[in-house]
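Some notes on the structure that comes next.
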Amino acid sequence: MGSANLELIFDHVGHFGRYQIFLYFTCAFQNISCGIHYLASVFMTVFPKYTCRPPGNVSRVLFHNVSNWRLDDIWNLLPLSHEDHVVVQLQNGEIWELNRCYRFRRDNMSTLNYDYNGHKSGSPCLDGYIYDKSKWDSTVVTHWDLVCNREWFARLIQPTFMLGVLLGALIFGYLSDRVGRRLVLWSTSTGMYLFGIAAAFALDYYSFMIIRFLLAIVASGYLVVVFVYVTELIGMKARTWASIHVHSFFAIGTMVVALTGYLVRTWWIYQIILSTVTFPFVLCCWMLPETPFWLLSEGRYEEAQIVVDKMAKWNRASTCQLSELLSPDVYGPVGNKPPEVNEHNLLDLFYDWNIGTRTLIVWLIWFTGCLGFYSFSLNSVNLGGNEYLNLFLMGAVEIPAYVFVCLGMDIVGRRNILIISLISSAVFCGVIMVIPKDYYVWSVVTTMAGKFAIGSAFGLIYLYTAELYPTMIRTQAMGSGSMVSRAGSIIAPLCIYLSSVWIFMPQLLVGILAFVSGMLTLKLPETLGKPLATTWEEATRLDVEKDGSSGK
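Residues 1 to 552 (full-length UniProt numbering) make up the sequence shown, in order.
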């Protein structure tokens with residue numbers, strides 16, 4: 001089945017008419033929810049200042065030379081480091097030293113001084129902890145006391161979510177090639193709404209983690225399949241802009257997280273509000289049709305003709321008969337049995353040496369883009385200044401990045417823009433490492449530039465991957481690329497934690513990988529101006545055309 005013939009469908013019914021616009025914005029709106037759930041944990045897992053709870057009611061508090069009656073006032077006066085402790089006197093006269101994870105009872109209760117050299121008996125925080133509530137009334141950390149020896153439970157929340165994203169990309173990428181794009185979009189959207197609400201009412205930490213893991217699987221499935229869906233429903237004249245700007249809605253989700261985190265300071269209310277964004281899409285997702293590309297690849301010609309006719313009617317254009325556009329050996333006479341549909345699997349991504357090399361380079365770009373994307377976003381709350389504004393800006397800067405991609409790749413091509421974006425992100429990572437710590441405004445600005453560059457690369461690789469592979473394996477390619485990239489998103493929060501060892505560890509790792517990926521991208525073919533491939537011959541021809549053009 002020739003892809004050029006399939007593209008003629010859009011010449012008849014419209015490349016981006018009213019029908020495609022309606023479907024596009026309906027699907028893209030749901031991408032906001034994906035952006036929300038991917039980064040919601042930034043504020044749900046905030047670690048406030050905390051200390052051991054004393055075994056009784058406090059009558060007086062002492063912190064160095066500052067005396068007060070309430071612990072809440074001490075939080076506002078001075079920061080509490082690992083070495084500091086608070087001295088409290090209880091109503092029964094006992095004097096306790098409170099650290100983050102231990103408390104000590106002084107034997108001498110005659111004087112209340114901060115420094116004490118006498119005998120004291122220590123114990124763990126058997127009565128729980130007292131948290132600073134000046135910023136957040138409640139977080140997942142404070143709700144289940146994920147501090148001290150349980151701190152690693154909180155550190156696992158984001159990596160575990162990204163592990164679910166990895167599995168979801170693989171599972172639903174495969175399923176969409178088997179059962180269709182539409183059914184996957186229906187099921188994953190409904191799952192996002194149900195699991196998102198359920199997470200807010202989790203009974204304990206373990207049920208919370210399981211629900212979030214399932215939420216990650218369905219959110220990832222939607223994000224992978226929706227890109228293929230809009231790519232196959234929109235003609236080549238509008239495909240570039242439309243497919244790239246799907247990611248702009250993901251960026252809006254990041255900004256919604258920052259705004260909601262600023263306005264709502266109780267984690268379960270915050271989670272419910274964020275999850276309701278999915279509800280409008282759940283109400284209308286039943287209206288989504290299957291894509292003609294997938295139906296034709298499965299030999300379901302009559303159903304494909306119905307979708308094309310409906311598209312033409314909405315667009316007020318003349319319809320076309322698929323039997324006239326497609327070659328007779330592909331689209332047999334009416335009533336003939338459709339040709340046998342071959343099964344495909346992940347190994348087809350290594351169809352031959354050139355395709356295999358292409359796949360490995362594409363996977364590296366996916367990994368690097370995702371690692372950099374989430375490293376810049378997650379680390380934004382640690383740059384200094386207002387953490388909500390920082391995260392909002394990290395989301396906002398993605399939108400002009402996608403405009404840059406759309407404008408640039410139609411002029412100089414997909415591959416060249418990808419190279420420029422990757423190399424630029426490596427340069428900005430190096431610049432961040434030489435900015436003094438006190439100049440946090442410049443750190444924020446340079447981080448925004450790095451996010452702009454890596455966001456451009458990460459947004460472009462979706463479209464580029466879809467154009468590098470034929471229809472029957474396209475979603476598998478997208479799903480496997482997204483799966484590989486999630487290894488980067490799993491490592492990203494761990495890199496942020498490693499910044500306590502060396503503050504520039506995330507920038508060093510992202511910079512090196514971005515530079516290597518940018519150089520290897522030179523080996524990939526250009527897809528600008530070429531129709532979507534539907535056969536392996538058309539996909540491998542890209543390498544032949546690249547070699548031929550480079551030899552001129």
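Using N, Cα and C, we set each Cβ at its ideal position, and we do this for glycine too.
| Item | Value |
| --- | --- |
| At least 3 beta-carbon pairs within less than 8 Å: the region 196-216 vs the region 136-151 | yes |
| Same chain, Cβ closer than 6 Å to Q20, five either side skipped, listed in chain order | L233, I234 |
| Endpoints, the beta strand (DSSP E) within which K120 is located | 120-124 |
| Opening and closing residue of the alpha helix (DSSP H) in which F63 lies | Where F63 is concerned, there is no enclosing alpha helix (DSSP H), although the beta strand (DSSP E) it sits in stretches over 58-63. |
| Own chain residues within Cβ distance below 6 Å of G164, not counting five before or after | F213, A216, I217 |
| 7 Å Cβ cutoff met for F281 and S189 | yes |
| CB contact flag (V277, S33, <7 Å) | yes |
| Own chain partners of G408 with C-beta closer than 6 Å, once the 5 adjacent residues on each side are dropped | I417 |
| Neighbourhood of L296 by C-beta, 6 Å cutoff - its chain only, sequence neighbours within 5 removed | A304 |
| Contact belief for G450 with C429 at Cβ below 8 Å, rounded distance in angstroms | 6 Å |
| Nearest residue (CA-CA) to E290, options F279, Y229, L259, I74 | Y229 |
| Alpha-carbon to alpha-carbon, K120 and N108 | 8 Å |
| S485 classed as buried or exposed, judged by whether at least 16 other C-beta atoms fall within 10 angstroms | buried |
| Q91, buried or exposed, once every other Cβ within 10 Å from all chains shown has been counted against 16 | exposed |
| Check whether T266 and D137 have beta carbons under 7 Å apart | yes |
| Anticipated Cβ contact below 8 Å, G459 with Y374, distance rounded | G459 to Y374, Cβ: 14 Å. No contact. |
| C-beta contact flag for F367 and G488 at 7 Å | yes |
| Candidates D438, L170, P525, E97, of which the one nearest V224 by Cα | L170 |
| Nearest residue (CA-CA) to L494, options M162, Y102, V431 | M162 |
| Option in K135, Y262, I503, L283 with minimal Cα separation from I432 | I503 |
| Proximity winner among T26, R18, D11, relative to L283 (alpha-carbon distances) | T26 |
| Presumed contact (8 Å Cβ cut-off) between F16 and A219, rounded CB distance | With a Cβ gap of about 27 Å, F16 and A219 do not count as contacting. |
| Helix, strand or coil at E302 [DSSP, three-state] | helix |
| CB contact flag (L185, L23, <7 Å) | no |
| Secondary structure of R100, DSSP reduced to three states | coil |
| Outcome for E324 when other beta-carbon atoms lying within 10 angstroms are tallied against a minimum of 16 | exposed |
| With 16 other Cβ atoms within 10 Å as the buried cut-off, status of G118 | exposed |
| Residue interval of the beta strand (DSSP E) (run including V66) | 66-68 |
| With 16 other Cβ atoms within 10 Å as the buried cut-off, status of K337 | In this predicted model, K337 has a pLDDT of only 43, less than 50, meaning its place in the structure is not dependable; the value taken from the coordinates is given anyway. Classification of K337: exposed, given that the 10 Å Cβ count is below 16. |
| Test item: CB-CB of N390 and G14 under 7 Å | no |
| Status (buried if at least 16 other CB within 10 Å, exposed otherwise) for Y222 | buried |
| Cβ pair Y114, V87 closer than 7 Å | yes |
| Where Y262 sits in the DSSP three-state scheme | helix |
| Outcome for V257 when other beta-carbon atoms lying within 10 angstroms are tallied against a minimum of 16 | buried |
| Option nearest S41 by Cα separation, candidates A477, L498, Y270, E398 | Y270 |
| Local Cβ density within 10 Å of Q507, reported as buried at 16 or more and exposed below that | buried |
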